[in-house]
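Take the position in the sequence shown, starting the count at 1, then add 5; the result is the number in our numbering.
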Amino acid sequence: MSGLLTEIKKYLPLRVYGKGAVLELLREMGCSVDKKTPLRVTDVFRSTESGELVCFIAMEGQENVTAALANLRLDITHPLFNKVRNYQREVEVELAKPEQDVNRSSFRVGDLYKKK
6 MSGLLTEIKK YLPLRVYGKG AVLELLREMG CSVDKKTPLR VTDVFRSTES
56 GELVCFIAME GQENVTAALA NLRLDITHPL FNKVRNYQRE VEVELAKPEQ
106 DVNRSSFRVG DLYKKK
């Protein structure tokens, strides 16, 4: 995952599109956005809490917001499109697993990338 983080940083600022929870949050903030509204990522980091990649999104006239990379979408023509999509799928699969007596709050995306 640190490889993807490094690669994304090379392309900053990055044009993305929101989906799901990101769009809901922005609408609650009074922004008029939909899934086709371009957003601008100015930085990306790995969350120490969840291990997930998190992006800073610059909003004109508003405070910057953060959003998980799993809730953002790149243009299909972007060179990192497939890598980001694969990362998002891995996160979705991990989060969809049955709990099996595990505290879901302890899940870290970074655990996906540990050597087995």
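Here a beta-carbon is modelled for each residue, glycine too, at the ideal position from N, C-alpha and C.
Handout entry: Spatial neighbours of SER37 in its chain, beta-carbon cut-off 7 Å, leaving aside the 5 residues before and after
Key = Closer than 7 Å at the Cβ level, and outside the excluded window around SER37, lies no residue.
Exercise for the section: Please report how far the alpha carbon of LYS119 lies from the alpha carbon of MET34, in whole angstroms. Expected result: With a pLDDT of 46 at LYS119, under the threshold of 50, the modelled position of that residue is not reliable, and no figure is offered here.
Problem - Environment of VAL98 [buried if 16+ CB atoms lie within 10 Å] - result: Counting of Cβ neighbours within 10 angstroms places VAL98 among the exposed residues, the total staying below 16.
Exercise for the section: Can you grab the Cα-Cα spacing for the pair ASP80 / LEU44, in whole Å? Expected result: Those two C-alpha atoms are separated by around 11 Å.
Exercise for the section: Report yes if the CB atom of LEU10 is closer than 8 Å to the CB atom of LEU58, and no otherwise. Expected result: Closer than 8 Å, so yes.
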